[in-house]
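Enquirer:
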Amino acid sequence: MNDWLQTISLGAPPDRALAVARAVIVLALALGVGRLASGAIRRMSDGRLSPQHKMLARRVVFYTFAALGVVSGMRELGFGLHVFVGAAGVLTVALGFASQTSASNLISGLFLIVEAPFVIGETIRVGDTTGEVVAIDLLSVKLRTFDNLFVRIPNETLVKSQITNLSRFPIRRLDMTIGVAYREDIRRVRETLEDVARDNPLCLEDPPPVFIFLGYGDSALNLQFSVWAARDNFLPLRNSMHLEIKEAFDARGIEIPFPHRTLYAGSDSAPLPVRVLGDAPRTGTRG
Amino acid sequence: MAGGPWDAAGIASFFARRVATRSMASAMASELDWHRSFEIAQGRAVRFVLGPLELWVQRHPRDWTLTWRRGADAMGADVELEREAGEVPEPGPGVEMTRYLCERTADGIALSARLADRAVASRPEVPIVVQPHQQISLWISTPLWIRIAEIGDEVPLVELPVVRMSDSWAGRDTRSGTLCYATRTRARTSDLVDPHPVRAITRVEVSNRGDSPLPVERINLPVPHLTLYLGPRGWLTSGLRVVREGGGREPSVEVNEAQPQEATRVVPPRQQADGSGLLQGLQALLQ
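Here it is as structure tokens:
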């Protein structure tokens, strides 16, 4: 390379000028052929490839011819292939550093395929995202959310995250937290809930419903009532159970209270009385 | 011998029961007569009552309109056939309506009986315990499905259960098992039960050859694998034979395909039992 630079500074002899001309012609030819080949690819792939894949194919073809033209041109100028081998080595190291994330996604994808925590068609939850798995690809998994949004999750993220598979098992439990007024008879409430579950055909008899007393809340007795349903019936059961429990409570006079607060005027005084006025006329006061 | 079963009172009682049985049999024979074809003129609407199921059938030139609802009494045994429909209820809560379209409706419909399309988990109203070295027979009834088809058509319009049984789960845990139906049974130990026009009776022979009592909390009947018969004693199915040997081994289960006396085979099993599937299903027969 030093000889070549020296030659330029001293004025190129005729054979060197010819070499430069040949190099330029070779490069120009390569670029021309590359452009023609790229155009041919575009015409041949009309209707066969997506626009994205078509663009990718055209660029690969063009840059291949361009690279061949550059290599041939440089050889005409006297530069050996070892120059490019050295550059390729440096380029490989750079690519390695740049693609470590992609490599991690690729390897994570292989682990996901082997471990199979989910398959296409199942519904999973990753973080705040819940959706149906529509594709498991080399670098990422694609989900379709219930509001029809497309979500791409890198495989590396999935391997490092907690995945909840909502479709793996054929039955699923619905947990309902219910608050009832303190004046209610808990046994009577339990019987009411169990009657509602028994009368709902979507609610599985086995495993049996679970009744749990959670505790004495600020404004209500907190209860948990859990029922099982077939996975496909989970949403209809959820809606129907809440509706039927409300109806049963209303029919039996069981109160679901609003939050309560008791006001005291002082430490030893009686609670402040509150009287709700209906249609009483308003009387304005002055002063 | 005074006081024995063949004294005057005993003989009188014996003949009285035979007369009552014959009267009951002739009445039941008419109630079982729904299993046949019914010609329905075009533009006409007729009503059927089959136990808890109330069915309206309307024939139009190019469609059949079926409307149905179920009563609250799951053990209802009323049968009314081909009555004038009167006012057909509108679809709504508890009332379903579907139209079945074709190029030209046939002359009428054919009603036939089917067994349930899933296993039925029957829970005794009172827990049962079979003592060691004892063999008992239990008679358990399950509701029928009514198959409605055009006369001469193999493909049915619809199959309707006379009772919408509650869903349940038959499996050793919540990860593996099968969906089934749940029902309650009195688990009679005598075959002197009143025939029911829309329920089929299955005889389950339980033989406890072990040294410890065998509690029976639930009986999972593999109904789709049973054959349906019809006789003077009503609808019957293939029997089941369960043998529990000692030593903690699982009970062995087999379907008793012997045809009940005086009964005619009506419908083959919905599913043919393969060895592993049936055994797996029946391994949960007694829980």
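Taken in order, these protein sequences are the chains called A and B.
At position 234 of the first sequence the residue is numbered 234 (my numbering), and the sequence of numbers has no breaks.
Count along the second sequence from 1, then add 1000; that gives the number in my numbering.
Even glycine gets a Cβ: it sits at the ideal position worked out from N, Cα and C.
Would the region 1085 to 1105 of chain B count as touching the region 1114 to 1132 of chain B if we require 3 or more Cβ pairs under 8 Å?
Expert: No, they do not touch.
Enquirer: With a threshold of 8 Å between beta carbons, is aspartate 206 of chain A in contact with chain B?
Expert: Residue 206 of chain A sits at position 206 when you count from the first residue of the first sequence. Taking Cβ atoms only, chain B reaches closer than 8 Å to aspartate 206 of chain A, which makes this a yes.
Enquirer: Please go through the same chain and pick out, in chain order, the residues whose beta-carbon is closer than 8 Å to the beta-carbon of serine 1190 of chain B, but skip the five residues on each side of it.
Expert: By 1-based counting over the second sequence, the position of residue 1190 of chain B is 190. Excluding positions up to five away in sequence, the list reads Trp1139.
Enquirer: Relative to chain A, which residues along the region 1130 to 1149 of chain B have a C-beta separation below 9 Å, given in chain order?
Expert: Those would be none; no residue qualifies.
Enquirer: Of all the CB atoms in chain A, is at least one closer than 8 Å to the CB of aspartate 1073 of chain B?
Expert: As a first step, residue 1073 of chain B is located in the second sequence; it is residue number 73 there, counting from the start. Closer than 8 Å: no.
Enquirer: Kindly say whether tryptophan 1169 of chain B, judged by its beta-carbon, lies nearer than 8 Å to any beta-carbon of chain A.
Expert: Walking along the second sequence from the start, residue 1169 of chain B turns up at place 169. By this cut-off, tryptophan 1169 of chain B is an interface position.
Enquirer: Span of the alpha helix (DSSP H) holding isoleucine 25 of chain A?
Expert: Stepping through the first sequence from its first residue, residue 25 of chain A is reached at position 25. 14 to 44 is the extent of the alpha helix (DSSP H) around isoleucine 25 of chain A.
Enquirer: Run the CB neighbour count on threonine 101 of chain A, radius 10 Å, all protein chains shown included, and call it buried at 16 or more, exposed below.
Expert: Position 101 of the first sequence holds residue 101 of chain A. Threonine 101 of chain A is exposed by the Cβ-count criterion.
Enquirer: What do you get for methionine 241 of chain A, buried or exposed, if any count of 16 or more other CB atoms within 10 angstroms of its CB means buried?
Expert: As a position in the first sequence, residue 241 of chain A is number 241, starting the count at 1. Its Cβ being crowded by 16 or more others within 10 Å, methionine 241 of chain A is buried.
Enquirer: Only counting runs of 4 or more residues, tell me where the alpha helix (DSSP H) segments fall wholly within the region 62 to 97 of chain A, in order along the chain.
Expert: The region 62 to 97 of chain A contains no whole alpha helix (DSSP H) run of 4 or more residues.
Enquirer: Do we get a CB-CB distance below 8 Å when we pair threonine 1115 of chain B with the residues of chain A?
Expert: Locating residue 1115 of chain B in the second sequence gives position 115, counting from the first residue. Before going further, note that residue 1115 of chain B is leucine rather than threonine in the sequence given. No - not a single Cβ of chain A is within 8 Å of the one on leucine 1115 of chain B.
Enquirer: Is it true that the CB of leucine 138 of chain A sits closer than 8 Å to the CB of leucine 106 of chain A?
Expert: Start at 1 with the first residue of the first sequence, and residue 106 of chain A comes out as number 106. Start at 1 with the first residue of the first sequence, and residue 138 of chain A comes out as number 138. Yes. Within cutoff.
Enquirer: Does any residue of chain B bring its CB to less than 8 Å from the CB of isoleucine 171 of chain A?
Expert: Here residue 171 of chain A corresponds to residue number 171 of the first sequence, with the count starting at 1. Closer than 8 Å: yes.
Enquirer: Helix, strand or coil for glutamate 1257 of chain B? Go by DSSP, reduced to three states.
Expert: The residue given as residue 1257 of chain B occupies position 257 in the second sequence. Looking at glutamate 1257 of chain B - three-state DSSP - the assignment turns out to be coil, as it is neither helix nor strand.
Enquirer: For glycine 217 of chain A, which residues in the same chain have their Cβ closer than 8 Å to its Cβ, ignoring the five residues on either side in sequence?
Expert: Within the first sequence, the letter at position 217 stands for residue 217 of chain A. So the qualifying residues of the chain are Gly179.
Enquirer: Pull the bridge partners of glutamine 1135 of chain B from the DSSP assignment, please.
Expert: To locate residue 1135 of chain B, count along the second sequence from 1; it is residue 135. BP columns for glutamine 1135 of chain B point to B/Ser1207.
Enquirer: Would you give the residue range spanned by the alpha helix (DSSP H) that glutamate 156 of chain A belongs to?
Expert: Here residue 156 of chain A corresponds to residue number 156 of the first sequence, with the count starting at 1. Taken as a continuous stretch (DSSP letters only), the alpha helix (DSSP H) holding glutamate 156 of chain A covers 155 to 160.
Enquirer: Would you mind working out which of B/Glu1054, B/Pro1052, B/Leu1053, B/Asp1063 sits nearest isoleucine 1040 of chain B, comparing C-alpha positions?
Expert: In the second sequence, counting from the first residue as 1, residue 1040 of chain B sits at position 40. The shortest C-alpha separation from isoleucine 1040 of chain B is found at B/Asp1063.
Enquirer: Using 10 angstroms around the beta-carbon of methionine 1165 of chain B, count the other beta-carbons present and answer buried if the total reaches 16, otherwise exposed.
Expert: Sequence index remark: in the second sequence, residue 1165 of chain B carries index 165 (1-based). Buried is the call here.
Enquirer: Name the DSSP bridge partner or partners of glutamate 1080 of chain B?
Expert: Translated into the one-based positions of the second sequence, residue 1080 of chain B becomes position 80. Per DSSP, B/Val1049.
Enquirer: Following the continuous alpha helix (DSSP H) through glycine 1086 of chain B, name the residue where it begins and the one where it ends.
Expert: For the purposes of this step, residue 1086 of chain B is taken as residue 86 along the second sequence, with counting starting at 1. Careful: glycine 1086 of chain B lies outside any alpha helix (DSSP H) and carries neither H nor E.
Enquirer: Which runs of the beta strand (DSSP E) at least 3 residues long sit entirely within the region 1132 to 1173 of chain B? Give them in chain order.
Expert: The qualifying runs are 1134 to 1143, 1145 to 1150, 1158 to 1161, 1166 to 1170.
Enquirer: Identify every residue that forms a DSSP beta bridge with aspartate 175 of chain A.
Expert: Locating residue 175 of chain A in the first sequence gives position 175, counting from the first residue. Answer by DSSP bridge pairing, in chain order: A/Ser226.
Enquirer: Answer yes or no: do alanine 1085 of chain B and alanine 1045 of chain B have a C-beta to C-beta separation smaller than 8 Å?
Expert: Along the second sequence, one-based indexing puts residue 1085 of chain B at 85. Along the second sequence, one-based indexing puts residue 1045 of chain B at 45. Yes, Cβ-Cβ distance for alanine 1085 of chain B and alanine 1045 of chain B is below 8 Å.
Enquirer: For glutamate 1082 of chain B, I'd like the list of residues in its chain whose CB is within less than 6 Å of its CB, leaving aside the five on either flank, ordered along the chain.
Expert: Locating residue 1082 of chain B in the second sequence gives position 82, where the first residue counts as 1. Excluding residues within five positions, the ones whose Cβ falls inside 6 Å are Phe1038, Val1046.
Enquirer: Let me check understanding here. Comparing Cα to Cα, which of B/Asp1173, B/Ser1238, B/Arg1244, B/Pro1269 lies closest to alanine 1263 of chain B?
Expert: Residue 1263 of chain B sits at position 263 when you count from the first residue of the second sequence. Measuring from the Cα of alanine 1263 of chain B, the nearest candidate turns out to be B/Ser1238.
Enquirer: Could you work out which residues of chain B lie near leucine 235 of chain A, taking near to mean beta carbons separated by less than 8 Å?
Expert: As a working note, residue 235 of chain A is residue 235 in the first sequence. Here the premise fails: no neighbours, minimum Cβ distance about 15 Å.
Enquirer: Tell me which residues of the region 194 to 224 of chain A have at least one Cβ-Cβ distance to chain B shorter than 8 Å, keeping chain order.
Expert: Listed by position along the chain: Arg198, Asn200, Pro201, Leu202, Cys203, Leu204, Glu205, Asp206, Pro207.
Enquirer: Check whether chain A comes within 8 Å of arginine 1164 of chain B, counting only Cβ atoms and requiring the distance to be less than that.
Expert: By 1-based counting over the second sequence, the position of residue 1164 of chain B is 164. True, the Cβ-Cβ gap to chain A drops below 8 Å.
Enquirer: If you reduce the DSSP assignment to three classes, tell me which class isoleucine 1219 of chain B lands in.
Expert: Here residue 1219 of chain B refers to the residue found at position 219 of the second sequence. Strand at isoleucine 1219 of chain B.
Enquirer: Do you know how far the Cα of arginine 125 of chain A is from the Cα of isoleucine 149 of chain A?
Expert: Residue mapping note: residue 149 of chain A aligns to position 149 of the first sequence, counting from 1. Residue mapping note: residue 125 of chain A aligns to position 125 of the first sequence, counting from 1. As written in the sequence, residue 149 of chain A is leucine, which differs from the isoleucine given in the question. Distance between the alpha carbons of leucine 149 of chain A and arginine 125 of chain A: 14 Å.
Enquirer: If you follow the beta strand (DSSP E) that threonine 101 of chain A is in, where does it begin and where does it stop?
Expert: Within the first sequence, residue 101 of chain A is the residue found at index 101, counting from 1. Here threonine 101 of chain A belongs to no beta strand (DSSP E); instead the alpha helix (DSSP H) covers 100 to 115.
Enquirer: Using beta carbons (cut-off 8 Å, strictly below), is alanine 248 of chain A in contact with chain B?
Expert: By one-based count along the first sequence, residue 248 of chain A stands at place 248. Chain B, which has no Cβ nearer than 8 Å to the Cβ of alanine 248 of chain A, makes this no.
Enquirer: How many angstroms separate the CA atom of threonine 1185 of chain B from the CA atom of glutamate 205 of chain A?
Expert: Looking up residue 1185 of chain B in the second sequence gives position 185. Looking up residue 205 of chain A in the first sequence gives position 205. Going from the Cα of threonine 1185 of chain B to the Cα of glutamate 205 of chain A covers about 14 Å.
Enquirer: Kindly list, in the order they appear in chain A, the residues whose Cβ is closer than 9 Å to that of alanine 1182 of chain B.
Expert: Taking the second sequence and counting its residues from 1, one reaches residue 1182 of chain B at position 182. Result: Leu204, Glu205, Asp206.
Enquirer: For aspartate 232 of chain A, name the three-state secondary structure that DSSP assigns.
Expert: Within the first sequence, the letter at position 232 stands for residue 232 of chain A. Aspartate 232 of chain A falls in the helix class under three-state DSSP.
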